[in-house]
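One structure is given here, and the rest of the page talks about it.
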Amino acid sequence: MPELPEVETIVRGLKRTVLGKKIKTIKIVPSRVLQNNPRYLKRNLTGLKIVSVKRRGKNIILQLSGGNLLLIHLGMTGNLIYLKRPAPLKKHDHLNMEFSDKSQLRYNDPRKFGKFKLVKSSRKENIEDLKSLGPEPLEITENDFVRLVQTRRGRIKSTLLNQKFIAGIGNIYADEVLFEAKIHPEERACNLSSNRLKKLHQAIQKTLKKAIKAGGSSIDNYLDVEGKQGFFQFYHKAYGREGKPCLRCGTKIKRIVVNQRSNYFCPKCQRKM
DNA sequence: GTCGATGTTATCAA
DNA sequence: TTTGATAACATCGA
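For the first sequence, this note's numbering begins at 26 and goes up steadily by one.
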């Protein structure tokens, strides 16, 4: 579910709802999602304030008073849910923190591919999950992007999905930006001309910004922290549109599977060179 | 009931 | 080094 626009939407929601609040109590349902042991988590979170909320790629970083960090990755189905009033835990809730004003933030994740981890301030310069990430797609310059892609011999689609290469793009937005830039998902990255890569860079910026404005794409279970749906799914031009007419030329959108992932594209607009 | 698909990524093998 | 297959898991729909 959550790619850069969804995670960014969640981060903005957290700023509105829990930033500055003090954690009063923690409830934990132990599972593989929680990377620290429950007692350690409780001991190191209770009584602290959330002093900043940031995003890096698809990761959410909550900074706590005292300097420790809470690192959250939502995996496929993770969700952070803000509640104004206390309520009993639901199925697939893994952790709930209650703040001193009685509001709550809980982490729910049916498939448990997500991660929830407390990182000591002394180690935060060296967080494996973050330091291996590539540049932010909304920050990288056109020239740097072109140069970076041209070093890659793999397919452009898998290059875009590779977080070490560029951080935050997932299967939905990769298909959407390739459609915008009229590039076939199986094109070799290093074979793409500078001109086409400039188009791709523009497509990435434009699409991600638009998606953030729309509050992300709600497919299946994605909701923002306040339970609102995004509406970028209504603007998808490629992803999930197999058999439907291309919005540019009317050709039927095709779906192929590459590296176990679906790829939706227009066979006419996105020709392989 | 069964099968295949789903937004992610760590890990292992080639 | 890079790339591709697999597994982690629950749910939904054909």
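In this text, a Cβ means the ideal position worked out from N, Cα and C, and glycines have one as well.
Asked	Found
Euclidean distance between Cα positions of T176 and K145	36 Å
Secondary structure of I85, DSSP reduced to three states	strand
Under the three-state DSSP convention, the category T176 falls into	coil
C-beta contact flag for G241 and G255 at 7 Å	yes
Where the alpha helix (DSSP H) through Q230 begins and ends	S219 to K238
Spatial neighbours of P135 in its chain, beta-carbon cut-off 6 Å, leaving aside the 5 residues before and after	T102 and H117
Bridge partners - E123, DSSP secondary structure assignment	T50 and Q129
Terminal residues of the beta strand (DSSP E) in which N104 lies	N104 to L108
Span of the beta strand (DSSP E) around F257	No beta strand (DSSP E) contains F257, which DSSP labels as neither H nor E.
Minimum C-alpha distance to A263 - residue among E205, V54, P55 and I244	E205
The alpha helix (DSSP H) enclosing R64, as first and last residue numbers	P63 to L70
CB-CB length for V43 against I75, believed under 8 Å	6 Å
Coarse secondary structure for F290, derived from DSSP in three states	strand
Run of the alpha helix (DSSP H) containing K262, from where it starts to where it stops	Taken as a continuous stretch (DSSP letters only), K262 belongs to no alpha helix (DSSP H), as it is neither H nor E.
Alpha-carbon to alpha-carbon, L29 and A192	8 Å
C-alpha distance - R64 paired with R57, whole-angstrom precision	15 Å
Coarse secondary structure for V32, derived from DSSP in three states	helix
Distance, G38 Cα to I229 Cα	23 Å
Cβ-based neighbour list, R296, same chain, cut-off 7 Å, excluding 5 preceding and 5 following	H209
Y247, buried or exposed, once every other Cβ within 10 Å from all chains shown has been counted against 16	buried
K343 - containing beta strand (DSSP E), residue span	Residue 343 lies beyond the range of the chain shown here (26 to 298); nothing can be said about it.
Rounded distance between the beta-carbons of L158 and G45, thought under 8 Å	That belief does not hold up - the Cβ atoms of G45 and L158 are roughly 27 Å apart, past 8 Å.
Three-state class that DSSP yields for V58 in the structure shown	coil
Option in Y132, V174 and E211 with minimal Cα separation from E291	For the record, residue 291 in the displayed sequence is Cys; it is not Glu. It is E211.
Endpoints, the alpha helix (DSSP H) within which L94 is located	L94 -> not in any alpha helix (DSSP H); beta strand (DSSP E) instead, spanning L94 to H98.
Straight-line Cα distance separating Q258 from L59	30 Å
Cα-Cα separation between K127 and P111, rounded to whole angstroms	6 Å
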